[in-house]
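Trainee:
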Amino acid sequence: MSLLELHHVGYRVGDTPILQDVNLKIDKQEWVTIAGPSGSGKSTLVRIIASLLSKTSGELQFAGQPIESYDPIAYRRRVSYAFQQPTLFGETVADNLAFPYQIRQAPFDQQRAVTALEYVGLGEADLTKHVTDLSGGQRQRIALLRNVMIYPEVLILDEVTAGLDAENKTFVWNMIQHFNQDDHLTIIAITHDQSEIESAKRLVTIENGQIVGGVQ
Amino acid sequence: MNLAVNNQSLLLALGLVVIALAIGWKEKLGIDRDMIIGVVRAVIQLFVVGYLLKSVFRVNNLWLTLILILIIIFNAGYNAKQRSNGIPRALPISITAIFLSTGVTLGVLMLAGAIRFIPAQMIPISGMIASNSMVAIGLCYRNLNAQFKQERQAVLEKLALGADLKDASRDILRDSIKTGMQPTIDSAKTVGIVSLPGMMSGLIFAGVDPVRAIKYQIMVTFMLMSATSIGSVLACYWAYKGFYNERKQLIN
C-alpha cells in the first residue's frame, strides 16, 4: 500500500475538465517531481492532494483510507502545502514560526525555531525581524520553515524556487533534501526549472490535465 | 411644549426641498426623480407611522407592542441581508443577530430602570437599537466579502498549514467586527462636540432641560455600543463559515 494513491481522479469546473483520469501512487519518503506546461493542471492536482480542493471524480486515498474519511484540518497538518509566493502573517518572523503551534494550541518551541532558522542561514536575532524587512529568498525560507515547524508526513511544494536567485535556490533545495532524507518526509514538488526536472528522482509529467509521462 | 410645527409650516418648509431640487437640476445630477420619490415616501411613511403609533400608544397592549418590535427587527434584518451580497443564510443570521442585540440591550435598560415596558418607550428605542445594529451588520457583511477576496491567499495558506476555519479567518473577523462598530465608536467620541444627536436635540427642541436631555443621550450612547457590538460579533461569527464548504475549503 502506497502512502498516497490516486485512482481515476478528475476535476472539472462546470463542463470544463481540468484534470482527467489521473492515476498516481506515491510511497512514503518518495520525492516526486511534477512538471508540465502552465495551465496543464499541476497546481489543481496538488491542491486536491492537499485537500484545498475536492476532486469531482475518482478516488484519493491517504494511508489506505479515502480522503473523505479524514477531518480536513487534521489531514492538512499531515499533508502540508507550500505556495509559490507565500504571504507571511503578523509582523515578525516569530509570528510566522509560532503560527503552527498557535493553531494547535501548543506552546511555541523557540529553541526549535532557532535551530531551524540557523539551518537556513538565519539566526535567533531574526526572530524579531519584521516580515517587511525580509528579502524574497528569506521570505520563502521562513514560509517553508512554517510548513515544517511541526513535521507533516507529506510536503507539497508548488514552484517554491521560482523567482529565487541561484543562492536561495540552493538553500531551499538543501532544506528540502534534508526534510526528505533525514526527516523522512514525502516530497511532491511542482517545478518548471530544467535542472530540477533533470535531477528528479521520479518525474511525472502532466499535459492537458492528464499524466503523459512518468511511472504511475 | 414649545413646538410650533404645523401643517402650514411644513408646507412652507417644503421650500427647502425646492432648493435641493434646483441644485440637482442645475448641476444635472439626474437625481430629481429620486429626490421627489424620497420626499413623497418620507411624508407618507411618517404620517402613517405617526397615526399608527398614536393608536398603539393609546391601546397600550403588550402583544401589539411585541408584534411591532418584531416587525421592526424583521425589517432591519431584511435590510441588513441586502448588504450581504450572497453570503449564505444572511437573512436568518441578520434577524437573529438583531433580535438578540435588541433583546439584550432592551433587557438591560429595563432592569436598570432606564425605560419601562410601555409602547411609547419600547417602540422608538427598539427602532433606534435595531437600526444601528442593522447598519453595523451591513458594514460587517461588506467587509467580510471584501476581506475574503483581498486576503484570499493568506486564508488559503493558513488552511494549508492546518488552521481551522476560525484561525484561518481570525484577522478578517476582527477587522469586520471593528468595521461594524466603528461608526458608533466615532459618533460616541464626537457626541456633543460635533453633533447633538437626534434624541437629545428632539428633547431640547421639545423644551426639556438640556441636563436632563444629555442623560437620555448618554443612555442612548451606551445602548448603541452594546447593540452594535452584539450585532457585529454574532453576525460575523455566524456568517464567516459561509465562505467555506463542508470540506473546510475556501469557496471561490
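Line by line, the protein sequences give chains A and B. Following the working numbering, the numbering of the first sequence begins with 1 at its first residue and continues without gaps. Following the working numbering, the numbering of the second sequence begins with 1001 at its first residue and continues without gaps. Beta carbons: idealized from backbone N, C-alpha and C, even for Gly.
Counting only Cβ-Cβ distances shorter than 8 Å, please list the residues of the stretch 46 to 60 of chain A near chain B, keeping chain order.
Mentor: Ala50, Ser51, Leu52, Leu53 and Ser54
Trainee: Relative to the alpha-carbon of B:Ile1172, which residue among A:Ile197, A:Phe89 and A:Phe179 has its alpha-carbon at the smallest distance?
Mentor: A:Phe89
Trainee: Residues in the same chain with beta-carbon distance under 6 Å from A:Gln216, minus the five sequence neighbours each way, listed in chain order, please.
Mentor: With a pLDDT of 46 at A:Gln216, under the threshold of 50, the modelled position of that residue is not reliable, and the figure given next carries that caveat. Counting only Cβ-Cβ distances below 6 Å, and skipping sequence neighbours, we find Asn23 and Leu24.
Trainee: Can you find the residues in the same chain that come closer than 6 Å, C-beta to C-beta, to B:Asn1145, ignoring five residues on each side of it along the sequence?
Mentor: Asn1085
Trainee: Looking only at DSSP bridge pairs, what is A:Thr186 linked to?
Mentor: A:Val154
Trainee: Considering only the alpha carbon of each residue, which of B:Leu1010, B:Asn1006, B:Ala1235 and B:Ile1037 lies closest to B:Leu1021?
Mentor: B:Ile1037
Trainee: Just verifying my parser: in three-state terms, what is the DSSP assignment at B:Ile1118?
Mentor: coil
Trainee: With the cut-off set at 8 Å, would you say B:Ser1101 and B:Gly1231 are in Cβ contact?
Mentor: yes
Trainee: Count the other C-beta atoms from every protein chain shown that fall within 10 angstroms of the C-beta of B:Ile1185, then say buried if there are 16 or more, exposed otherwise.
Mentor: Burial call: exposed.
Trainee: Spell out whether any CB of chain A is found under 8 Å from the CB atom of B:Lys1149.
Mentor: no
Trainee: Can you confirm whether A:Ile187, when its beta carbon is compared against all beta carbons of chain B, has any partner nearer than 8 Å?
Mentor: no
Trainee: Does DSSP put A:Asn147 in a helix, in a strand, or in coil?
Mentor: helix
Trainee: Please check the pair A:Val148 and A:Phe179, which I expect to be a contact at CB under 8 Å, by giving their CB distance rounded to whole angstroms.
Mentor: For a cut-off of 8 Å, the C-beta gap from A:Val148 to A:Phe179 is around 6 Å, short enough to register as a contact.
Trainee: In this structure, does DSSP put B:Asn1145 in helix, strand or coil?
Mentor: helix
Trainee: To the nearest angstrom, how far is the alpha carbon of A:Thr56 from that of B:Gly1162?
Mentor: Their Cα atoms are separated by approximately 22 Å.
Trainee: With a CB to CB cut of under 8 Å and the five nearest residues on each side skipped, what residues in its chain are close to A:Gln29?
Mentor: Asn180, His184, Leu185 and Thr186
Trainee: For the stretch 100 to 126 of chain A, list every residue whose C-beta sits within 9 Å of some C-beta in chain B, in sequence order.
Mentor: Pro100, Gln102, Ile103 and Arg104
Trainee: What's the C-alpha gap between B:Val1194 and B:Ile1123?
Mentor: 27 Å
Trainee: My assumption, with CB atoms under 8 Å, is that A:Ile197 sits in contact with A:Ser80. Please give the rounded CB distance.
Mentor: The pair is not a contact, with the Cβ atoms about 23 Å apart (cut-off 8 Å).
Trainee: Please return the same chain residues whose Cβ sits closer than 7 Å to the Cβ of A:Arg146, not counting the five positions on each side in sequence.
Mentor: Asn96, Leu97, Phe99 and Pro100
Trainee: Ignore the nearest five residues each way along the sequence and tell me which others in B:Met1001's own chain have a CB closer than 7 Å to its CB.
Mentor: Note that B:Met1001 scores 48 on pLDDT, short of 50, meaning its location in the model is unreliable; the coordinates nonetheless yield the value given after this. Closer than 7 Å at the Cβ level, and outside the excluded window around B:Met1001, lie Ala1206 and Gly1207.
Trainee: Over what stretch of residues does the beta strand (DSSP E) that includes A:Tyr11 continue unbroken?
Mentor: Leu4 to Val13
Trainee: Do B:Pro1197 and B:Val1220 have their C-beta atoms closer together than 8 Å?
Mentor: yes
Trainee: Could you run through the stretch 75 to 91 of chain A and flag, in chain order, every residue whose CB is less than 7 Å away from some CB of chain B?
Mentor: Arg76, Arg77, Ser80, Tyr81, Phe83, Pro86, Thr87 and Phe89
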